[in-house]
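Residue numbers (our numbering): 17 to 353.
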């Protein structure tokens, strides 16, 4: 059946081609060629349908119609295209590789997987390494991780590391502390130039904040600490002369407390509280100033305004003072400072 169909297709197609190129085309001959071409397409479509894999033979009407119309609209070219694109391609499947494993070169691991990455440790874990671990290499790795922490957390750990027995660890800790101090001092120098060019309250306040950061972080000690506090005080006083702000008075009050000047601190802190700051930002320092002055009654009054949220440090201080109060003398048991 398939041989007969393909032979019939070849003969009919050859005959129609011969008539087209070797005879004068007349209407009668043209109609004959069209009829022969239709029979050729029908024969070849039937042959192609029989040669298709079974899963492509259904539905029968759709598959045969597609093959017939494709060959009818493209004489000669359609038969060649169908033969190449459908029959040959469908009966020649792709090669399937049976190789599922491939040998590759074994690369050594870059680090010991049993050792955790120190750079992912928190502040507490890094402190434990510096105190209890005896391996200087781990101390050096810990300091490298500490340098990526915020300055407030990094400085106390670096000050702990400068007491290490290893020279390399101490040198790295010193250099890290020095880089932090240098960065702040360079910032101060730049801000002073801008302030000298055009004096504003905000610029003076920013300079005082940088000096305060040197003191607050614990980088400066002794005479240098007093110098930084004095510089911060002077710039805050200049800022208030230009434009008095509650934030400047708050920072000035904290500096006075650091200098053991509670009366002056209390004065500027009251001014800060009367400004645009929230009461809870100022009252802890007012309580500290009253405590340094020995005015424990005022301390108790201020503490009564502290929040009662469980777990907050201020609420814990409030609870301690209330628990240890002596109602007869109206005095309080003070936590040693």
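Think of the CB as a built atom: it goes at the ideal place given N, C-alpha and C, for glycine as much as any other residue.
Asked: Cβ contact (3+ pairs, closer than 8 angstroms) linking the stretch 171-181 and the stretch 198-216; Found: no
Asked: Cα-Cα separation between residue 254 and residue 260, rounded to whole angstroms; Found: 9 angstroms
Asked: Status (buried if at least 16 other CB within 10 Å, exposed otherwise) for residue 81; Found: exposed
Asked: Beta-carbon spacing of residue 221, residue 264 below 8 angstroms; Found: yes
Asked: Residue 118 classed as buried or exposed, judged by whether at least 16 other C-beta atoms fall within 10 angstroms; Found: exposed
Asked: Alpha-carbon to alpha-carbon, residue 239 and residue 158; Found: 31 angstroms
Asked: Own chain partners of residue 244 with C-beta closer than 7 angstroms, once the 5 adjacent residues on each side are dropped; Found: 227, 230, 231 and 236
Asked: Own chain, CB closer than 8 angstroms to residue 144, minus 5 neighbours either side, in chain order; Found: none
Asked: The stretch 299-306 / the stretch 269-280 touching (three or more Cβ pairs under 8 angstroms); Found: yes
Asked: Under the three-state DSSP convention, the category residue 326 falls into; Found: Low local confidence applies: a pLDDT of 48 at residue 326 is under 50, so the model's placement there is unreliable, with the coordinate-based value given in what follows. DSSP places residue 326 in coil when its eight states are reduced to three.
Asked: Supposed close pair residue 98, residue 64 - CB separation, criterion 8 angstroms; Found: 6 angstroms
Asked: Unbroken alpha helix (DSSP H) run spanning residue 121, endpoints; Found: First-last for residue 121: undefined, no H or E at that position.
Asked: Residue 289 beta carbon less than 8 angstroms from that of residue 295; Found: yes
Asked: Sequence-distant residues of its chain with Cβ nearer than 7 angstroms to residue 298 (five each side left out); Found: 266, 285, 288 and 289
Asked: Close Cβ partners of residue 184 (< 7 angstroms) along its chain, the five nearest in sequence each way excluded; Found: 152 and 156
Asked: Selected residue, minimal CA-CA separation from residue 205, among 219, 193, 43 and 116; Found: 219
Asked: Nearest-angstrom Cα separation, counted from residue 88 out to residue 44; Found: 20 angstroms
Asked: Sequence-distant residues of its chain with Cβ nearer than 6 angstroms to residue 10 (five each side left out); Found: This structure cannot speak to residue 10, because the chain is shown only from 17 to 353.
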